[in-house]
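Student: Sharing a structure here in structure tokens format.
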Amino acid sequence: MVLLSGLAIWQSFAMLKWPQTWLSLIEFAPYAMIFVAAFISIWLNRMQPLLILLSLLALHTLFTLFNLSEPTSIGQTLMLALLSFLLPLNLLLWLLLPERGVQHLGYNFFIAGLVGAQALTVYWLMTELPLAWVEWLTLPVMAGQQIYHLSFAASLMFLLAGFVISLQLYLQNSLRVFTHVCLFAVLLSAFAINQSMQPGLLAWVLTLVAFMVLLALIFDAHHIAYTDELTGLRGRRALMESFMGLGKRYSLAMVDIDHFKQFNDTYGHDIGDKVLKMVAQTLDTVQGGKAYRYGGEEFTLLFPRKTPEQVLPELDRLRLAVAHQVVTIDNKDKKSKKAPKTVNVHISMGVAEPDGQHQTPQQVMKFADEGLYRAKRTGRNRVVVSKAKAAAKTSKAKTAKSKA
């Protein structure tokens with residue numbers, strides 16, 4: 001996004017040397033890019049990006065129809081000021097409103113009502129606003145040739161939108177590319193509107209902003225497909241694709257939460273989800289490998305260019321880290337004065353590497369599963385290394401007693 005923003009600003013100065021044919025064609029580029037991005041947005045059932053794209057489309061269309069790049073009348077100047085104010089307002093509004101998809105009929109009527117109210121407000125302001133208010137709304141942020149089109153009111157709205165979106169990014173725990181795109185859209189739109197007297201500049205910037213939205217949609221679709229929603233770990237699809245880049249030397253560990261079904265039945269699915277998140281967060285700290293959620297209460301750890309003997313200390317560290325975690329069971333009776341119950345969670349692991357009998361990653365995974373089953377049968381809360389021609393090595397949680 002930073003590179004695209006830099007490209008937009010860099011080329012904005014080079015556009016003065018573009019051939020006239022290029023400048024004529026660039027006016028149609030936003031329509032093409034917005035159409036492609038809007039199609040992908042509808043296909044992915046995403047309303048927020050679609051509304052952002054429609055806002056960009058409306059801005060470019062109205063600028064073209066009313067020739068707002070070179071306003072010569074009070075009406076044109078007022079419309080330019082109103083559109084400049086509404087764009088950051090709408091970018092912020094569409095981002096803050098909840099995502100309900102494009103097929104939610106009631107939500108669509110609500111959005112249509114908001115857009116209709118804005119259209120009526122603009123019409124009323126264009127026809128009924130006193131001249132003194134017109135002068136205030138169209139007052140430039142600064143007199144001079146460099147800052148001309150952007151009004152003082154629009155500048156304040158752009159600053160407010162940028163601040164709120166930046167604050168949201170700061171408070172977010174997870175990376176969301178679409179929020180970053182909205183921030184860049186606000187900044188680039190302010191630059192483009194302010195310099196819109198330059199031929200083709202607004203169309204060029206809006207094309208790149210629409211392309212950013214398209215990239216965000218693709219990134220989010222990839223994230224949804226390859227990331228487990230509950231735990232935030234990479235999912236099974238990502239694990240299977242990681243097998244394609246493996247060499248001949250690697251270790252694979254299968255991890256399972258001990259007595260999870262019994263735990264889930266006793267305390268409920270909410271506590272079960274809490275346990276899954278806790279275990280996932282611990283496994284995600286793995287050194288030298290990557291953690292994946294395979295499914296249910298089962299996880300996979302993949303260590304490229306490592307032998308089981310090399311990863312055994314790390315697996316033990318993770319197992320002990322999970323065992324030391326405490327899960328708090330909230331009292332169902334909120335009026336109860338009893339302290340909440342706490343429980344510990346344990347995991348078992350089986351680890352294997354390729355050998356003469358197990359050469360493909362799928363075979364190694366099945367072999368690691370055999371080690372996991374042995375860990376379960378021999379007492380749980382331990383790591384078992386699967387060996388084809390040697391006895392399985394085990395490691396178990398140590399107590400505070402000293403070794404003999």
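Number 32 in the UniProt record's numbering belongs to position 32 of the sequence shown; there are no gaps in the numbering.
Ideal placement from N, C-alpha and C gives every residue a C-beta, glycine not left out.
(1) Tell me the rounded alpha-carbon separation between residue 270 and residue 107.
(2) Spatial neighbours of residue 233 within its chain, please: CB distance less than 8 Å, with the 5 preceding and 5 following residues excluded, ordered by chain position.
(3) Measuring straight from C-alpha to C-alpha, what distance separates residue 42 and residue 122?
(4) Quick one: give me the first and last residue of the alpha helix (DSSP H) that residue 364 is part of.
(5) Rounded to whole angstroms, how far is the Cβ of residue 253 from the Cβ of residue 315, which I believe are closer than 8 Å?
(6) Would you mind sorting residue 170 into buried or exposed? The rule is 16 or more other CB atoms within 10 Å of its CB.
(7) For residue 69, count the other beta carbons within 10 Å of its own beta carbon; 16 or more makes it buried, fewer makes it exposed. Which is it?
(8) Check the C-beta distance from residue 348 over to residue 302 and give it rounded, since I have them as a contact under 8 Å.
(9) Would you report the Cα separation of residue 154 and residue 204, rounded to the nearest angstrom?
(10) Assuming residue 150 and residue 190 form a contact by the criterion Cβ under 8 Å, report the distance between their Cβ atoms to the nearest whole angstrom.
(11) From residue 72 to residue 126, what does the alpha carbon distance come to, in whole angstroms?
(12) Please state the DSSP three-state secondary structure of residue 100.
(13) In three-state DSSP terms, what is residue 196?
(14) Please classify residue 20 as buried or exposed, where buried requires at least 16 neighbouring CB atoms within 10 angstroms.
(15) Which partner residues of residue 330 appear in the DSSP bridge assignment?
(16) Mind checking which residues open and close the beta strand (DSSP E) that includes residue 237?
(17) Where are the alpha helix (DSSP H) runs, 4 residues long or more, that stay fully inside the stretch 236-280, in chain order?
(18) Assign residue 257 to one of two classes, buried (16 or more other C-beta atoms within 10 Å of its C-beta) or exposed (fewer than that).
(19) Can you tell which of 383, 378, 24 and 376 has the C-alpha that lies nearest to the C-alpha of residue 199?
(20) Among residues of its own chain, excluding the 5 on either side of residue 213, which ones have a beta-carbon nearer than 7 Å to its beta-carbon?
(21) Please report how far the alpha carbon of residue 178 lies from the alpha carbon of residue 220, in whole angstroms.
(22) Pick out whichever of 363, 376, 370 and 350 has its Cα sitting closest to the Cα of residue 384.
(23) By Cβ distance, which residues of its chain are closer than 7 Å to residue 139, with the 5 residues on each side in sequence left out?
(24) For a quick check, are the C-beta atoms of residue 311 and residue 345 less than 9 Å apart?
(25) Rounded C-beta distance between residue 251 and residue 307? I'm assuming under 8 Å.
(26) Could you give the residue range of the alpha helix (DSSP H) that holds residue 349?
(27) So within the stretch 290-319, which uninterrupted beta strand (DSSP E) runs reach at least 3 residues, ignoring any that extend past its ends?
(28) Does residue 88 have its Cβ less than 9 Å from a Cβ in chain D?
(29) So for residue 386, helix, strand or coil by DSSP?
(30) Kindly indicate which three-state DSSP category residue 122 falls into: helix, strand or coil?
(31) First and last residue of the beta strand (DSSP E) that includes residue 342?
(32) If I measure Cβ to Cβ from residue 358 and keep anything under 8 Å in the same chain, skipping five residues before and after, which residues do I get?
(33) One question on the structure: do residue 99 and residue 47 come within less than 9 Å of each other, judged by their Cβ atoms?
(34) Exposed or buried, what is residue 60 when buried is set at 16 or more other beta-carbons lying within 10 Å of its beta-carbon?
(35) Apart from the five residues just before and just after residue 424, which ones in its own chain have a Cβ nearer than 6 Å to its Cβ?
(36) Would you report the Cα separation of residue 273 and residue 82, rounded to the nearest angstrom?
Tutor: Looking at the coordinates:
(1) Here the question's residue 270 lines up with position 270 in the sequence shown. Here the question's residue 107 lines up with position 107 in the sequence shown. As the crow flies, the alpha-carbon of residue 270 is around 29 Å from that of residue 107.
(2) For the purposes of this step, residue 233 is identified with residue 233 of the sequence shown, where counting begins at 1. Result list for residue 233: 227, 280, 283, 284, 291, 292, 293 and 299, in chain order.
(3) Stepping through the sequence shown from its first residue, residue 42 is reached at position 42. Stepping through the sequence shown from its first residue, residue 122 is reached at position 122. Residue 42 and residue 122: Cα-Cα distance of roughly 28 Å.
(4) Position 364 of the sequence shown holds residue 364. Looking at the DSSP string, the run of the alpha helix (DSSP H) that includes residue 364 is 361-377.
(5) The residue given as residue 253 occupies position 253 in the sequence shown. The residue given as residue 315 occupies position 315 in the sequence shown. That pair is a contact at about 6 Å.
(6) By 1-based counting over the sequence shown, the position of residue 170 is 170. Label assigned to residue 170: exposed.
(7) In the sequence shown, counting from the first residue as 1, residue 69 sits at position 69. Buried, because 16 or more other Cβ atoms sit within 10 Å of the Cβ of residue 69.
(8) Looking up residue 348 in the sequence shown gives position 348. Looking up residue 302 in the sequence shown gives position 302. A Cβ-Cβ distance of about 18 Å is found for the pair residue 348 and residue 302, leaving them out of contact under the 8 Å criterion.
(9) Indexing the sequence shown from 1 puts residue 154 at position 154. Indexing the sequence shown from 1 puts residue 204 at position 204. Taking the straight line joining both Cα atoms gives about 21 Å.
(10) As a first step, residue 150 must be located in the sequence shown, where it is residue number 150. As a first step, residue 190 must be located in the sequence shown, where it is residue number 190. Contact holds; Cβ gap of about 7 Å.
(11) Here residue 72 is taken as the residue at index 72 of the sequence shown, counted from 1. Here residue 126 is taken as the residue at index 126 of the sequence shown, counted from 1. Roughly 15 Å between the two C-alpha positions.
(12) In the sequence shown, residue 100 corresponds to position 100, counting from 1. Reduced to three states, the DSSP call for residue 100 is coil.
(13) Position 196 of the sequence shown, counting from 1, holds the residue named residue 196. DSSP places residue 196 in the coil class of the three-state scheme, outside both helix and strand.
(14) Position 20 of the sequence shown, counted from the start, is the residue given in the question as residue 20. Exposed, by the Cβ-count rule.
(15) Counted from its first residue, the sequence shown places residue 330 at position 330. Bridge partners of residue 330 according to DSSP: none are assigned.
(16) Numbered from its first residue, the sequence shown carries residue 237 at position 237. Boundaries around residue 237 are those of the alpha helix (DSSP H), 236-242, since no beta strand (DSSP E) includes it.
(17) Taking 4 residues as the minimum length, the alpha helix (DSSP H) runs contained wholly in the stretch 236-280 are 236-242 and 260-267, in order along the chain.
(18) Locating residue 257 in the sequence shown gives position 257, counting from the first residue. Classification of residue 257: buried, given that the 10 Å Cβ count is 16 or more.
(19) Position 199 of the sequence shown, counted from the first residue, corresponds to residue 199. Checking every option, the nearest Cα to that of residue 199 belongs to 24.
(20) In the sequence shown, residue 213 corresponds to position 213, counting from 1. So the list reads 37, 49, 52, 53 and 181, once near-sequence residues are dropped.
(21) Within the sequence shown, residue 178 is the residue found at index 178, counting from 1. Within the sequence shown, residue 220 is the residue found at index 220, counting from 1. A straight-line Cα-Cα distance of about 8 Å links residue 178 and residue 220.
(22) If you number the sequence shown from 1, residue 384 lands on position 384. Relative to the Cα of residue 384, the nearest Cα in the group 363, 376, 370 and 350 belongs to 350.
(23) As a first step, residue 139 must be located in the sequence shown, where it is residue number 139. Once the five neighbours on either side are set aside, the close Cβ partners of residue 139 are 151 and 152.
(24) As a working note, residue 311 is residue 311 in the sequence shown. As a working note, residue 345 is residue 345 in the sequence shown. Not a contact, by the Cβ cut-off of 9 Å.
(25) What you label residue 251 is simply residue 251 of the sequence shown in a count that begins at 1. What you label residue 307 is simply residue 307 of the sequence shown in a count that begins at 1. For a cut-off of 8 Å, the C-beta gap from residue 251 to residue 307 is around 6 Å, short enough to register as a contact.
(26) Mapped onto the sequence shown, residue 349 falls at position 349. No alpha helix (DSSP H) holds residue 349; the beta strand (DSSP E) holding it covers 347-352.
(27) Correct list: 290-295 and 298-304.
(28) Protein chain content of the structure displayed is limited to a single chain, and chain D is not contained in it.
(29) Your numbering for residue 386 matches position 386 in the sequence shown. In this structure, residue 386 counts as coil in the three-state DSSP scheme.
(30) The residue given as residue 122 occupies position 122 in the sequence shown. Here residue 122 sits in helix by DSSP.
(31) Residue mapping note: residue 342 aligns to position 342 of the sequence shown, counting from 1. Counting along the chain, residue 342 sits inside the beta strand (DSSP E) bounded by residues 341-344.
(32) Locating residue 358 in the sequence shown gives position 358, where the first residue counts as 1. Here the set comprises 352, 364, 366, 367 and 388.
(33) Position 99 of the sequence shown, counted from the start, is the residue given in the question as residue 99. Position 47 of the sequence shown, counted from the start, is the residue given in the question as residue 47. Residue 99 is a Cβ neighbour of residue 47, given a cutoff of 9 Å.
(34) Within the sequence shown, numbered from 1, the residue matching residue 60 stands at position 60. Flag for residue 60 reads buried.
(35) Missing from the structure shown is residue 424; the chain here goes from 1 to 404 and no further.
(36) For the purposes of this step, residue 273 is identified with residue 273 of the sequence shown, where counting begins at 1. For the purposes of this step, residue 82 is identified with residue 82 of the sequence shown, where counting begins at 1. So the alpha carbons of these two residues sit roughly 48 Å apart.
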